[in-house]
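Under my numbering, think of the first position of the sequence shown as -15, with each following residue one higher. The next block holds one structure in the form of C-alpha cells; read it before the comments.
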Amino acid sequence: MAAELTAHQLIAQHRPTLDLALETIRTRAYWSPHPEHPKAYGENGSLDTAAGKAAFDALSGTRLDLGQPGTDGWVGGEVSPYGIELGVEYPHADLDVLLPAMQAGQKAWRDAGAELRAMVCLEILKRIADRTMEFTQAVMHTSGQAFMMAFQAGGPHAQDRGMEAVAYAYVEQSRTPETAEWTKPQGKRDPLALTKRFTPVPRGIGLVVGCNTFPTWNGYPGLFASLATGNAVLVKPHPRAVLPLALTVQVARDVLTEAGFDPNLVALAAERPGEGIAKTLATRPEIRIIDYTGSTAFGDWLEANARQAQVYTEKAGVNTVIVESTDDYQGMLANLAFSLSLYSGQMCTTPQNLLIPRDGIRTDQGDRTYDEVTADLARAVDGLLGDDARANALLGAIVNPDVKARLEAAAGLGEVALASREVAHPEFPGAVVRTPVIVKLDGAKPEDEAAYTSECFGPVSFAVAVDSADHAVELLRRSVREKGAMTVGAYTTDPEVEEAVQEVCLDEAAQLSLNLTGGVYVNQTAAFSDFHGSGGNPAANAALCDGAFVANRFRVVEVRRPA
C-alpha cells in the first residue's frame, strides 16, 4: 500500500517545529508549541472540552481493537479514582507472536533515517495534540488528577516532553555524519582512501512500563526517545491507567501505517488482573531498552535483573526543602502551601521534608519560631483549600488505597500541625479527596528518623525541627545520598547557607530551586529547559531529558570500502 503521508509532506509540515525545538534545547529558553489553556482549543470544534468529553464517554463499553497480531483475549476493568467504571477493553497479547511481529518492521524503520523518523514522531504528537481534550479525560479518570492538571500535565506538558525527547534523539543521531571520504597520506606512495558510511542502528524493542499517576507525562519521553532512534516500542501500561497509553498506541499505529511503515513498531501489552507481565517482559531477550517510572523496589529489581537491556528508571526519593530565612514570608508560605497541595502530593517532585531550625527563622515580618512557621504554613494550606470547590480543583482524587492508608497512618507519627480532612466532590461522589497532613518531627530524635528518611508518597509532609542551618544541610546531604531526591528547595537570605545548599546539590546531583515565592513551584519542571531528575542520585538513573537519555538507545555501525 502506498504511503498516504510522504516524506516530503512530513518534512514540510514538521521540520520547522523540530528546528525550534533544537534551538530551544540549546538556549534553554521558554517555548512550547502546545497551548496550556483549554480556551486555546476551540469552542465547538474537535478540540474543545465538550467534544473531548463526548469522545471519552463514547469509549465506554467498547473494545479498543488495535489490530495487533497475537491477540488472544481481551482485558479491562479500570475504575476511575473518581468512582466510575471506564468500561473499555484492550487486546491481550501472546508475546511469542507479538514480539517477532514488532521486530519485522525495524529494518525499514532503521533505513528511514533520523530525520524522517523524527517527522513521523512529530506527526504522532500532533495527532495526539488534536485530541488533547479526550486525552485529558482519559488521564483524569485513570490518575485522579483534577481536570486542569490532567489537561496541562497529561496534555501539552506531556506532548512537550515527547517532543523534547525527539529533539535530543535527532541531535545525538546527527552528531555523526552519514558518510565521510577518508584519505591518509603515504608519502611518495598513493594515499590510502576509503569511503565510510555511518548508520545509527536500533538496539531492539523498547519496553515502556507505565505509571498510574502520570501515564503520558512519564511515558512519552521513553516512548518517543526509543521510537525516534529506530527501535520498536512495546507499551505496558499500569493496570489502573491503561486508556491514555492505549490511545497513544492507537494514534502511533495509525500514523506509522499512513507513512508506509509497519504499525507493529508500536504495540500495547495490557495485562490480566494479577498477571504481572512486567517482570516477564523485562527479561525477554527481544527487549533491549526499558523505561520505568514507579517504586524503588521494582526499579531496583529491573536494574539488577534486566541484564540484556539498557534500563532507565525514575524511582522514589525523599524531597527536601530547607527553610532558613526569607525576605518574602507570605510569598514563601503561599508557594509551599500550593506545592504541598497540588494533586494531593501524588507527584515524585512534591516536597516531603521541611527542615526548619528549632530556634526559628528570620523573615521580612520579623523572627518566627519553628512552631510559628509550622502553624503559619498549616494556616496557609488551610486557607488555600478552605473552599471545597478550589480544594477539588487542586487536589484531585487519591489515586489508590495505599496512598489513603499512608495518609491516615502519618497522623500517628508525631504531633499533627495540620490534620487532613475529607472533601466532598459535587460531581463525583465516589471520589476520595483528602487535604494534606503536616506532622511535626524532631531531627535530633532517632525515633523520628525512620519517618522522615523514608518516602511517604501522597499528601504527607514532615516539619522537621533541626538544630541549625548546618544541621539542615547535613541532613539534606545524607538524605539525597542515601535515599535520593527528585527535587530540593531552599529558602535563605544568607549567602553562606545558599552556597552550602548549592554545594550539596552539586555534589549529590540533585536539582535545586531557591527562594521560589511566585508562580513557579518546586514540583513543576518545564520541558526544553528544566531537567527532571539528574540520573546522579538514587531517585533516578536518568534525566528527562538530556543526551544521555537517548544516546545509548542506538549504536553507530560503520561500513567502509576503498574509495
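Quick reminder that beta carbons are idealized off the backbone N, C-alpha and C, glycines included.
Check	Outcome
The segment 212 to 229 touching the segment 294 to 309, judged by at least three CB pairs closer than 8 Å	no
For residue 75 and residue 54, the rounded distance between their alpha carbons	9 Å
Cβ neighbours of residue 261 in the same chain (closer than 6 Å, five flanking residues each side left out)	255
Residue 120 beta carbon less than 8 Å from that of residue 67	no
Neighbourhood of residue 521 by C-beta, 8 Å cutoff - its chain only, sequence neighbours within 5 removed	301, 464, 465, 468, 469, 492, 493, 494
Whole runs of the beta strand (DSSP E) within the segment 216 to 244, excluding any shorter than 3 residues	216 to 220
Rounded separation between residue 24 and residue 117 - CA only	11 Å
Straight-line Cα distance separating residue 232 from residue 0	23 Å
Neighbourhood of residue 455 by C-beta, 7 Å cutoff - its chain only, sequence neighbours within 5 removed	427
Cβ-based neighbour list, residue 541, same chain, cut-off 6 Å, excluding 5 preceding and 5 following	183, 185
Contact set for residue 417: own chain, Cβ-Cβ below 8 Å, skip 5 residues either direction	328, 375, 376, 379, 380, 381, 382, 406, 407, 408, 409
Span of the beta strand (DSSP E) around residue 539	538 to 546
Sequence-distant residues of the same chain with beta carbon closer than 6 Å to residue 294, five excluded per side	273, 536
Any non-hydrogen atom of the ligand PLP closer than 7 Å to residue 26 Cβ	Of ligands this structure carries none, so the ligand PLP is not represented either.
For residue 507, three-class secondary structure by DSSP	coil
Straight-line gap, residue 137 to residue 11 (C-alpha atoms, nearest Å)	23 Å
Beta strand (DSSP E) segment containing residue 566, residue limits	With the chain running from -15 to 547 in the structure shown, residue 566 is simply not present.
Residue 20, enclosing beta strand (DSSP E) - first and last residue	Careful: residue 20 lies outside any beta strand (DSSP E) and carries neither H nor E.
Own chain residues within Cβ distance below 6 Å of residue 193, not counting five before or after	220, 262, 276
Contact check, residue 524 vs residue 517, beta carbons under 8 Å	yes
Assumed close pair residue 404, residue 365 - CB separation to whole angstroms, cut-off 8 Å	That pair is no contact at about 10 Å.
Cβ neighbours of residue 534 in the same chain (closer than 7 Å, five flanking residues each side left out)	149, 152, 153, 156, 209, 213
Proximity to residue 412 [Cα-Cα], best of 422, 442, 373	373
The segment 504 to 517 contacting the segment 332 to 344, beta-carbon criterion three pairs below 8 Å	yes
Three-state class that DSSP yields for residue 8 in the structure shown	helix
Straight-line Cα distance separating residue 69 from residue 415	12 Å
Residue 102 classed as buried or exposed, judged by whether at least 16 other C-beta atoms fall within 10 angstroms	buried
Three-state secondary structure assigned by DSSP to residue 499	coil
Residue 490 versus 338, 457, 502, residue with shortest Cα-Cα distance	457
4 or more residues per run - each alpha helix (DSSP H) lying fully within the segment 40 to 111	79 to 88, 90 to 95
Distance, residue 158 Cα to residue 222 Cα	34 Å
Contact under 8 Å by Cβ, residue 435 with residue 446	yes
Nonlocal neighbours in the same chain, by C-beta distance under 6 Å from residue 608, ignoring five residues either side	Here the chain has residues from -15 to 547 only, and residue 608 is not among them.
Touch test, the segment 81 to 96 against the segment 45 to 59, Cβ-Cβ under 8 Å, three pairs minimum	yes
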